[in-house]
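Following: one structure in C-alpha cells, then a few remarks.
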Amino acid sequence: MSHHRAVNRAGRPFESDDTALHADRYLHDREHEQGHDGDHQHDDDHQHAHGHGHGGGHGGGHGGGSSWWRRLAHAIQPHSHDANAAIQTAEEASAAGIRAAWVGLAGMMATAGLQLVIVAVSGSISLLADTVHNLGHAVTTIPLLIAFRLGRRPPTSRYPYGFRRAEDLSGVLIALVIAASAVLIIVESIDALISPRELANLGWVLAAGLVGAAGNEIVAVYRIRVGRRIGSAALIAEGNHARADGLTSLVVVAAVAGVWLGYPQADAVAGLLVAGAIVWILVSSSRSVFRRLMDGVDDGTLRRIASVAAGVEGVRGVGRVRARWTGHRLEADLDVVVDGTVSMAEADAVAAEIHDALRHGVRHLEHAVICLRPPMIIDDGLPDRVHDRQ
Numbered sequence: 000m001s002h003h004r005a006v007n008r009a010g011r012p013f014e015s016d017d018t019a020l021h022a023d024r025y026l027h028d029r030e031h032e033q034g035h036d037g038d039h040q041h042d043d044d045h046q047h048a049h050g051h052g053h054g055g056g057h058g059g060g061h062g063g064g065s066s067w068w069r070r071l072a073h074a075i076q077p078h079s080h081d082a083n084a085a086i087q088t089a090e091e092a093s094a095a096g097i098r099a100a101w102v103g104l105a106g107m108m109a110t111a112g113l114q115l116v117i118v119a120v121s122g123s124i125s126l127l128a129d130t131v132h133n134l135g136h137a138v139t140t141i142p143l144l145i146a147f148r149l150g151r152r153p154p155t156s157r158y159p160y161g162f163r164r165a166e167d168l169s170g171v172l173i174a175l176v177i178a179a180s181a182v183l184i185i186v187e188s189i190d191a192l193i194s195p196r197e198l199a200n201l202g203w204v205l206a207a208g209l210v211g212a213a214g215n216e217i218v219a220v221y222r223i224r225v226g227r228r229i230g231s232a233a234l235i236a237e238g239n240h241a242r243a244d245g246l247t248s249l250v251v252v253a254a255v256a257g258v259w260l261g262y263p264q265a266d267a268v269a270g271l272l273v274a275g276a277i278v279w280i281l282v283s284s285s286r287s288v289f290r291r292l293m294d295g296v297d298d299g300t301l302r303r304i305a306s307v308a309a310g311v312e313g314v315r316g317v318g319r320v321r322a323r324w325t326g327h328r329l330e331a332d333l334d335v336v337v338d339g340t341v342s343m344a345e346a347d348a349v350a351a352e353i354h355d356a357l358r359h360g361v362r363h364l365e366h367a368v369i370c371l372r373p374p375m376i377i378d379d380g381l382p383d384r385v386h387d388r389q
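Here numbering that gives the first Met the number 0 is used: the first residue of the sequence shown is 0, the next is one more, and so on.
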C-alpha cells in the first residue's frame with residue numbers, strides 16, 4: 000500500500016468524539032506515569048476542568064472580593080471553563096498576546112515615568128540605569144505588537160507558511176535593544192565610579208526602587224503566564240526581562256542602603272550589577288529565540304505528539320516525528336504505521352482522527368502533516384521500523 004498523506008484539515012470543526020477524548024486521557028496518564036516529560040508544565044497557567052489556575056485558587060474569583068476587582072481581573076486575564084478550549088485557535092492566541100503586550104507596556108511606562116521624576120531630583124546613577132532599562136524594555140514591546148498583528152495575516156503565494164515567524168524575528172530586535180541599554184548603563188556606571196556624584200533625596204530613591212520592583216514583577220507574572228498559555232517564546236522572554244527589571248530595582252534599594260552606610264560609590268557599583276543582570280537575561284532570552292529560528296524543539300514536545308498519535312484506534316506504531324515553531328504556534332509532521340490491508344477511505348479516516356486528537360491533545364499545535372505507511376514485516380511477523388521515503 001502506498002503511503003497516504005493527510006494535510007491540515009483547517010475546515011473541519013473540532014469534535015469531542017471518543018478518539019479525541021481517548022487521546023487526551025492517554026496523554027495525561029502517560030505523563031503522570033513517567034513523572035512528566037520536559038514539556039508538561041505545572042505552572043501558574045495549568046488549568047483543570049473548572050478553568051482556574053493553581054495559583055489563584057477560588058478565593059479571588061468566587062470569594063468575598065469586590066465586584067469591580069473581579070471584573071478587572073477577568074478583563075485582563077479571561078479564562079475558560081473548558082481546559083481544552085483555552086487558547087484553542089491561533090486567532091485567540093494572537094489576541095491574548097496583543098492584550099498582554101499592551102497591558103505590560105502601560106505598566107512599565109507608568110513605573111518608568113515615576114522613576115524619571117525621581118532621577119531628576121536625586122541624581123542617582125543606579126536608578127537612572129534601572130529607568131533607562133525600563134524605557135528600553137517598553138520600546139521593545141512595539142516590535143512585538145507589530146509581529147503579533149503581522150502573524151494574523153493569512154498566507155500568500157509568496158509566503159505560503161504565513162507571517163508568524165515575524166514574532167521570532169522581533170525577538171532578535173528585542174535582544175539588540177537590550178544589549179544597547181546594557182552598554183549605556185556600563186558607560187554611565189564607570190563614569191560614576193571615576194567621578195562619584197553626590198546623591199540627594201535618598202528616601203525618594205528608595206521608594207522608587209521598591210515601586211519599580213513591585214510594578215515590574217506584576218508585569219512579569221502576567222506576561223509569562225500568557226506567554227506560556229499561547230506558546231510565545233518572545234512574550235515569555237519579555238516577561239523574564241520584566242522580572243529582571245524588578246530584581247535590578249532591588250539593587251537600587253541596596254545602593255541607597257550602601258550610601259547611607261557611608262559607601263558613596265555603592266550607587267555606581269549597583270549600576271554595574273544592573274548591567275550584569277541585563278547581560279545574563281540577554282543571553283538566556285537570545286538562546287530561546289535563536290533555537291526557534293533554527294527550528295529547534297524540545298524532546299518532550301516530540302514525545303507528546305508521538306504518544307497522542309499512538310493512542311488513536313487503528314495506529315500500530317509511530318515512526319519519525321518532527322515539529323517546529325512558527326511564532327507561538329506549533330507545526331508537526333509524522334509517520335504513522337497502520338495495517339497494510341486498510342482501504343484508502345479507512346486510511347483517510349484514521350488520519351483525520353489522528354489530526355483531531357493532536358489538535359486536542361498537544362498544546363499550541365496548529366497544523367499536522369500525517370504520513371500513513373504499512374508495517375515492515377520481518378521474520379517474527381512484528382513491525383520493524385518505518386523508513387523515511389523521500
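Glycine residues also receive a C-beta, built at the ideal position from the N, C-alpha and C atoms. Note that the structure is predicted; figures quoted are calculated from it, not measured.
Problem - Ala92 versus Arg98 - alpha carbon distance - result: Linking Ala92 to Arg98 through their CA atoms gives a straight-line distance of about 10 Å.
Problem - Three-pair Cβ contact test at 8 Å for the region 168-177 versus the region 246-265 - result: no
Problem - Of the residues Gly122, Ala243, Ala178, Trp324, the one placed nearest Gly202, counting alpha carbons only - result: Gly122
Practice task
Return the CA-CA distance between Glu312 and Val349, expressed in angstroms with no decimal places.
Solution key: 8 Å
Problem - Three-state secondary structure assigned by DSSP to Leu126 - result: Three-state result, Leu126: helix.
Handout entry: Three-state secondary structure (DSSP) of Cys370
Key = strand
Problem - Cα-Cα separation, Ile177 to Arg148 - result: 22 Å
Handout entry: Buried/exposed call for Ala22, threshold 16 Cβ in 10 Å
Key = Residue placement at Ala22 cannot be trusted, given a pLDDT of 38 that sits under 50; the coordinates are not used to answer.
Practice task
Going by CA-CA distance only, name the one from Arg321, Ala232, Val138 that's closest to Ser284.
Solution key: Ala232
Problem - Rounded separation between Pro373 and Thr300 - CA only - result: 25 Å
Problem - Stretch-stretch touch, CB-based, cutoff 8 Å, three pairs: the region 99-111 with the region 226-245 - result: yes
Problem - Whether Arg224 touches Gly103 by CB criterion (8 Å) - result: no
Exercise for the section: Entirely within the region 288-368 and at least 3 residues each: give me those beta strand (DSSP E) ranges in chain order. Expected result: 314-325, 328-337
Practice task
State buried or exposed for Ser429, treating a residue as buried only when at least 16 other CB atoms are found within 10 Å of its CB.
Solution key: One cannot answer for residue 429 here, as it falls past the ends of the chain, which runs 0 to 389.
Practice task
Could you tell me the boundaries of the alpha helix (DSSP H) in which Tyr221 lies?
Solution key: Looking at the DSSP string, the run of the alpha helix (DSSP H) that includes Tyr221 is 201-229.
Exercise for the section: Could you tell me the boundaries of the alpha helix (DSSP H) in which Ser156 lies? Expected result: First-last for Ser156: undefined, no H or E at that position.
Practice task
Whole angstroms is fine: what's the gap from Leu143's alpha carbon to Arg164's?
Solution key: 12 Å
Practice task
Please report how far the alpha carbon of Leu126 lies from the alpha carbon of Leu183, in whole angstroms.
Solution key: Between Leu126 and Leu183, the alpha-carbon positions lie close to 13 Å from each other.
Handout entry: Gly261 (DSSP reduced to helix, strand or coil)
Key = coil
Problem - Status (buried if at least 16 other CB within 10 Å, exposed otherwise) for Asp396 - result: Here the chain covers residues 0 to 389 and nothing more, so residue 396 does not appear.
Problem - Proximity of Thr110 and Gly211 at Cβ, strictly below 8 Å - result: yes
Exercise for the section: Starting from the Cα of Arg227, find the closest Cα among Gly326, Val336, Thr340, Met107 and give me that residue. Expected result: Gly326
Problem - 8 Å Cβ shell around Thr18 - same chain, five flanking residues per side excluded - result: Since pLDDT at Thr18 reaches only 35, below the 50 mark, its modelled position is unreliable, and the value read off the structure follows with that caveat. Result list for Thr18: Val311, Glu312, Glu352, Asp355, Ala356, in chain order.
Problem - Spatial neighbours of Gly230 in its chain, beta-carbon cut-off 6 Å, leaving aside the 5 residues before and after - result: His327, His363
Practice task
Let me know if Glu90 comes out buried or exposed under the rule of 16 or more other beta-carbons within 10 Å of its beta-carbon.
Solution key: exposed
Handout entry: Spatial neighbours of Ile304 in its chain, beta-carbon cut-off 7 Å, leaving aside the 5 residues before and after
Key = Residues of the same chain with a CB within less than 7 Å of the CB of Ile304, apart from the 5 flanking positions on each side, are Val320, Ala322, Ala331, Leu333, Leu357, Val361 in chain order.
Exercise for the section: Below 6 Å CB to CB, which residues in the same chain sit around Thr139 once its five sequence neighbours on both sides are set aside? Expected result: Ile173, Val176
Problem - Cβ distance (whole Å) where Ala243 is taken to contact Ala269 below 8 Å - result: Contact doesn't hold; Cβ gap of about 14 Å is too wide.
Problem - Selection from Ala94, Ala95, Ile124, Asn133 that minimises the alpha carbon distance to Leu113 - result: Asn133
Handout entry: Which of helix, strand or coil DSSP assigns to Arg148
Key = helix
Practice task
May I ask you to report which of helix, strand or coil DSSP gives Arg163?
Solution key: coil
Practice task
Identify whether Ser93 lies in helix, strand or coil by the three-state DSSP scheme.
Solution key: helix
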